[in-house]
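Reminder that position 76 of the sequence shown reads as 76 in the UniProt record's numbering, one-by-one numbering, no gaps.
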Amino acid sequence: MTKASMLHLTFQLTHSPPLSISQIYTMRLSLTVSALLASSAVAFVPPMPSTRQATHLASARIPDNVRKSLSADQLKTLEVAAEQASKAAAADLDPWFGEAEADDGSFASFSSLESMTGKPAAAGGTSGAQDFLEANPYFDQSNIPLNTYKNKEPHTGKIVSVKRIVGPKATGETCHIIIDHGGAMPYWEGQSYGVVPPGINPKNGKPNNVRLYSIASTRYGDDMKGQTASLCVRRATYWCPELKAEDPAKKGICSNYLCDAKPGDSVALAGPTGKVMLIPEKTPEADLIMVATGTGIAPYRTFVRRLFVEDTPARKAFKGLAWLFLGVANKDSLLYDDEWQEVKKAYPNNFRVDYALSREQENKKGGKMYIQDKMEEYADEIFDRLSKGAHIYFCGLKGMMPGIQDTLERVAQEKGIEWKDMLEGLKKNHQWHVEVY
């Protein structure tokens, strides 16, 4: 925070359900003690208690003459101490969001979900320069960004970071890749970017074709400034049984290019594309059933972050259940598990996650546990929620769909439901969303 003639720190906590008066006073006491320990010159002004969802906890005022006598380090110590105190006081209140604001309008923010990104959650919703990223009203999808850049005239972005996100026993390498697009390619949750790998295709002598990747960050990016987009990319390799080694001639051109990229490298981007996987924000009470294999998890990370993590109008409005099914080989192959567990802890009534680990779990017949087997375990609830307007999404390898369709059809028959008619109804009502590759 920058210095002001009167440094005025306001601590506010947003929590649902509203805090009790005793909880408010407990937090005020912790904040006051911490600030006084940091500087005896601080005077706290606690307002009257409020049980509204947004609760003004306390204000700290440092007179100008006192502020001038404090070093920059002392001022920073005060800010840090107050922030730490607010975190400690709210440790048993999950989820919560707080901010400290100075007279000049600058602010610092912090939340219980901060550990998911290593950075503070967004403060103040979508104010300021981010307004253009939200529709008006926010759920209006009539002007979704589409094909801002074409395949033959792509935008040049820059690699920010490439991070392996699977364990040592995973069946392959998957990376979380952050790309800086400079704000030139706004997108919405559920959309994809096209990546044009450099070089010439040796098979036809033409430039390499564009590859589509579902975006794994919300419209605000992992930087929360609307300047970046993240991709979840599995390195495609081919093991040759004759050579008993990987065959470099058959490796995935684009996935290896991205997983091998270094910070600062240029990357050609096209898009964004896609309208099939959007969140039905106009009906915030609708349940969302999200089914994925492997990197098909990418769009659901955007759903979960928009609805539970980031300070968005969609988060404030969402009242349904977001239910994630993910199929991978083993625990080391799980993607973003730490994030799912944080949200599950914070929103136990609105978020669920179930895994199908094909090499570590067995289905009810004693075979490998695939995604359709895990869904069958909850078939009654899935069908009930679909009948009440839930949306169901599928993203991942196209090979997962036949098994899922067969399972759903068999369960429907057992229930005396004509699956063909039910499926047509789901599609007609825009409850059925499929994006496979």
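The C-beta atom is built at its ideal place from N, Cα and C for all residues, glycine as well.
Counted as a single uninterrupted DSSP element, the stretch harbouring Glu339 is not any beta strand (DSSP E) but the alpha helix (DSSP H) occupying residues 337-346. Taking the CA atoms as reference points, Gly226 sits about 19 Å from Pro154.
In terms of Cα proximity to Leu321, the closest of Gln413, His391, Ser266, Gly396 is His391. Going by C-alpha positions, Ala292 is about 28 Å away from Lys262.
The DSSP-derived three-state label of Arg235 is coil.
Around the C-beta of Arg359, fewer than 16 other C-beta atoms lie within 10 Å, and the residue is accordingly described as exposed. Counting C-beta atoms within 10 angstroms of its own C-beta, His176 has 16 or more neighbours from the protein chains shown and is therefore classed as buried. Per the coordinates, the alpha-carbon of Phe303 lies some 7 Å from the alpha-carbon of Ile279. Between the alpha carbons of Ala379 and Val411 lies a distance of about 7 Å. Going by DSSP, Met290 is part of the beta strand (DSSP E) stretching over 288-293. By the C-beta density criterion, Ser266 is exposed, having fewer than 16 other C-beta atoms within 10 angstroms. Arg305 is not a Cβ neighbour of Ser192, given a cutoff of 9 Å. Of the residues Leu212, Ser333, Pro186, Glu134, the one whose Cα lies closest to the Cα of Glu435 is Leu212. Take the alpha-carbon of Gly182 and the one of Gly157: they are about 7 Å apart.
The C-beta distance from Pro313 to Tyr138 rounds to 4 Å, short enough to fall under 8 Å. The shortest C-alpha to C-alpha distance from Phe383 to any of Gln372, Leu408, Met400, Gly399 is the one to Leu408. In terms of CA proximity to Asn151, Ala270 leads the group Asp140, Ala270, Ala346, Glu189.
According to the DSSP assignment, Glu409 belongs to the alpha helix (DSSP H) that extends over 400-414. For Gly389, the CB contacts under 6 Å within the same chain, skipping 5 residues up- and downstream, are Ala286 in chain order.
With fewer than 16 other beta carbons inside 10 angstroms of its own, Glu418 counts as exposed.
In this structure, Pro299 sits away from Met185, with a CB-CB distance that is not shorter than 9 Å.
Per the DSSP secondary-structure output, Gly194 pairs in a beta bridge with Leu212, Ala270.
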